[in-house]
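Asks: Position 280 (the sequence shown) corresponds to 762 in the numbering used here; numbering is contiguous. Glycine residues also receive a C-beta, built at the ideal position from the N, C-alpha and C atoms.
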Amino acid sequence: MDLLSDIISRLGPKSTISMGIDAAGDWALDFPPPDGLKFNAVMKGACWLDVPGLDAPIRLAQGDSYLLRPHRGFSLASDLALPRRDSAKTCALARDNVSVINGGGEMFLIGGRFSVAESHFELLFGGLPLVTLFRAGTPEAAVLSWSLDRLAAEIGDPQPGARVLCEHLIHIMLVQVLRVALDRNAESGPGWLRALKDRRLSRAIAALHEAAGERWTIERMARVAGMSRSGFAAHFRQTLGLAPMEYLRHWRMLLAENMLRDGARPIASIAAEVGYESESAFATAFKRVRNMRPREVSLPEAS
483 MDLLSDIISR LGPKSTISMG IDAAGDWALD FPPPDGLKFN AVMKGACWLD VPGLDAPIRL
543 AQGDSYLLRP HRGFSLASDL ALPRRDSAKT CALARDNVSV INGGGEMFLI GGRFSVAESH
603 FELLFGGLPL VTLFRAGTPE AAVLSWSLDR LAAEIGDPQP GARVLCEHLI HIMLVQVLRV
663 ALDRNAESGP GWLRALKDRR LSRAIAALHE AAGERWTIER MARVAGMSRS GFAAHFRQTL
723 GLAPMEYLRH WRMLLAENML RDGARPIASI AAEVGYESES AFATAFKRVR NMRPREVSLP
783 EAS
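(1) Could you pull out every residue in the same chain whose Cβ sits closer than 6 Å to the Cβ of residue 785, ignoring the five residues on either side in sequence?
(2) If I measure Cβ to Cβ from residue 729 and keep anything under 7 Å in the same chain, skipping five residues before and after, which residues do I get?
(3) Roughly how many whole angstroms lie between the Cα atoms of residue 577 and residue 717?
(4) Report the start-end ranges of each beta strand (DSSP E) in the stretch 524-559 that is 3 residues or longer and not cut off at the edges.
(5) Measuring only the C-alpha atoms, how far is residue 487 from residue 770?
(6) How far does the alpha helix (DSSP H) with residue 615 in it extend, from its first residue to its last?
(7) Under 6 Å Cβ to Cβ from residue 584, same chain only, skipping five residues before and after it: list those, please.
(8) Which same chain residues, not among the five before or five after residue 541, have their C-beta less than 7 Å away from its C-beta?
(9) Assuming residue 707 and residue 686 are in contact, meaning their beta carbons sit under 8 Å apart, how far apart are those beta carbons, in whole angstroms?
(10) Just reading off the beta strand (DSSP E) that residue 757 is part of, what are its end residues?
(11) Determine the contact status of residue 551 and residue 612, defining contact as a CB-CB distance below 8 Å.
(12) Taking 7 Å as the limit between beta carbons, can you name the residues of its chain near residue 603, skipping five residues before and five after?
(13) Classify residue 522 as buried or exposed, calling it buried when 16 or more other Cβ atoms lie within 10 Å of its own Cβ.
(14) Helix, strand or coil for residue 740 per DSSP?
(15) Taking 8 Å as the cut-off, does the stretch 698-706 touch the stretch 639-651 (at least 3 CB pairs, one atom from each stretch)?
(16) Label residue 429 either buried or exposed according to how many other C-beta atoms from any shown protein chain fall within 10 Å of its C-beta, with 16 as the threshold for buried.
(17) For residue 520, count neighbouring C-beta atoms within 10 Å of its own C-beta (all shown protein chains included) and say buried if the count is 16 or more, exposed if not.
(18) Leaving out the 5 sequence neighbours to the left and right, which residues in its chain are closer than 8 Å to residue 561 when beta-carbon positions are compared?
(19) Could you check the C-alpha separation between residue 762 and residue 777 for me, to the nearest Å?
(20) Classify residue 730 as helix, strand or coil using the three-state DSSP reduction.
(21) What does the alpha-carbon distance come out to for the pair residue 675 and residue 693?
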């Protein structure tokens with residue numbers, strides 16, 4: 483099983499195209515915390531990126547790009563010593579998806595956002611660092627170059643169908659960025675991305691994904707992974723940051739939420755498919771993981 487493809491298709495991340503920024507002279511903008519993974523790329527010129535929690539601001543040059551975790555405000559500027567303007571005021575004046583500052587022409591930046599449910603994000607992408615940086619001239623940046631060039635062309639000179647095309651390009655870039663993150667974080671802190679690089683754990687996770695509704699025990703998972711029960715449980719927790727049965731519960735709730743949002747099946751049927759013998763037991767587990775009742779998922783205000 484291609485686990486990365488599986489998880490992206492299950493999550494159904496929503497891609498949003500950010501406005502491009504075409505700037506010149508002195509400028510500094512404060513941006514609110516994004517509600518998803520934020521991606522920006524400098525296509526021309528240079529600027530500074532400042533994010534609370536970073537050891538130091540990052541100087542971005544032409545061809546550099548970065549991925550930012552959700553819920554952290556950030557600043558982009560020609561000079562970080564300048565007073566920072568609320569980005570909303572600048573974006574409100576944008577034309578054709580591009581905000582022009584001081585006539586533009588010196589720096590051009592593009593980007594987008596990938597949004598998933600917060601509980602699912604932490605489970606699957608919690609191992610990502612605050613900022614994942616892709617420097618120009620590296621093999622990692624080269625992988626993104628074609629998508630970035632096409633995205634810049636569509637944002638800079640939108641043609642019929644540009645919005646749909648840009649959304650597909652952003653999805654392509656999400657996979658490319660996560661591939662890089664897989665390689666970079668294979669030996670770093672706990673997280674699902676790190677587990678994908680572990681041959682034994684990835685076997686067990688693939689089996690869970692393919693048969694989430696079956697009766698699973700740690701012993702059965704360990705056999706799939708080719709490990710002892712105790713060794714598997716300890717290695718799983720150390721790598722993913724949570725116990726095997728806890729991961730299974732979260733995965734089941736992710737699948738269940740997708741089915742609930744479709745609204746085509748009764749809750750009891752969904753509960754049985756994800757491994758619960760009673761609707762009440764399923765509702766209790768769902769409430770624990772998602773902090774809402776199953777019936778709330780399909781309500782208009784929850785969609």
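Replies: This is what the structure gives:
(1) With a pLDDT of 36 at residue 785, under the threshold of 50, the modelled position of this residue cannot be trusted, and the question is left open.
(2) 722
(3) 52 Å
(4) Within the stretch 524-559, the complete beta strand (DSSP E) runs of at least 3 residues are 528-532, 540-543, 547-550 and 556-559.
(5) 27 Å
(6) From DSSP, residue 615 is part of no alpha helix (DSSP H) but of the beta strand (DSSP E) over 613-616.
(7) 506 and 507
(8) 528 and 530
(9) 4 Å
(10) Neither: residue 757 is in no beta strand (DSSP E) and is coded neither H nor E.
(11) yes
(12) 552
(13) buried
(14) helix
(15) no
(16) Lying before the first or after the last residue shown, residue 429 is absent from the chain, which here runs from 483 to 785.
(17) By the 10 Å Cβ count, residue 520 comes out buried.
(18) 508, 510 and 530
(19) 12 Å
(20) helix
(21) 20 Å
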